[in-house]
Amino acid sequence: MSAKTESKKELPEIRPGDTIKVIYGIKEKEKTKSQSFEGVLIKESGVGKSKTITVRKISYGIGVEKIFPLNSPFLLSIEVIKRAKTRRA
Numbered sequence: 229m230s231a232k233t234e235s236k237k238e239l240p241e242i243r244p245g246d247t248i249k250v251i252y253g254i255k256e257k258e259k260t261k262s263q264s265f266e267g268v269l270i271k272e273s274g275v276g277k278s279k280t281i282t283v284r285k286i287s288y289g290i291g292v293e294k295i296f297p298l299n300s301p302f303l304l305s306i307e308v309i310k311r312a313k314t315r316r317a
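Quick note on the numbering used here: the sequence shown kicks off at 229 and runs consecutively.
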């Protein structure tokens, strides 16, 4: 399969520190339902097809981090909720 025949998802420009909402599909038996995960983007890693993002949120007082591969067919969309003004120490 060549790179030209693959479908490209239109993803917004995101940077670490942004609050984002990731909507992804979960397959349960024959059905596929969508689920969202909202949190702060803390890390981008990889290049090209192996690019991933790490999103962190606090759920009931416990920190939860999820790693999403951007090339996954289960990733449906990414929405930017709030842009962050990041700085270095």
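Each residue gets a CB set at the ideal place from its N, CA and C atoms; glycine is no exception.
From the DSSP output, in three-state form, read off residue i for me.
i	result
G276	helix
K271	strand
Y252	strand
R316	coil
E241	coil
E258	coil
K310	strand
From the options, pick the residue whose C-alpha is nearest to that of residue i; which is it?
i	options	result
I270	S278, F302, G291 and K237	G291
I248	R316, K279 and E307	E307
If you draw a straight line from the C-alpha of residue i to the C-alpha of residue j, how long is it?
i	j	result
G277	S300	For clarity, residue 277 is Lys in the given sequence; the question names Gly instead. Straight-line Cα distance between these residues: approximately 9 Å.
L303	K285	18 Å
K237	F296	14 Å
R315	G245	10 Å
A317	G267	22 Å
K239	K294	Per the sequence shown, residue 239 should be read as Leu rather than Lys. Approximately 18 Å between the Cα atoms of the pair.
Starting from the C-beta of residue i, find all residues in its chain whose C-beta is less than 8 Å away, skip the five residues before and the five after it, and write them out in chain order.
i	result
S262	I251, Y252, G253, I254 and L304
Keeping to the same chain, check which residues put their C-beta closer than 7 Å to that of residue i; ignore five residues upstream and five downstream.
i	result
G274	T280
Ordered along the chain, which non-local residues of its own chain (more than five positions away) have a Cβ less than 6 Å from that of residue i?
i	result
S264	K249 and I251
>> So within the stretch 277–308, which uninterrupted beta strand (DSSP E) runs reach at least 3 residues, ignoring any that extend past its ends?
In response: 280–287 and 290–297
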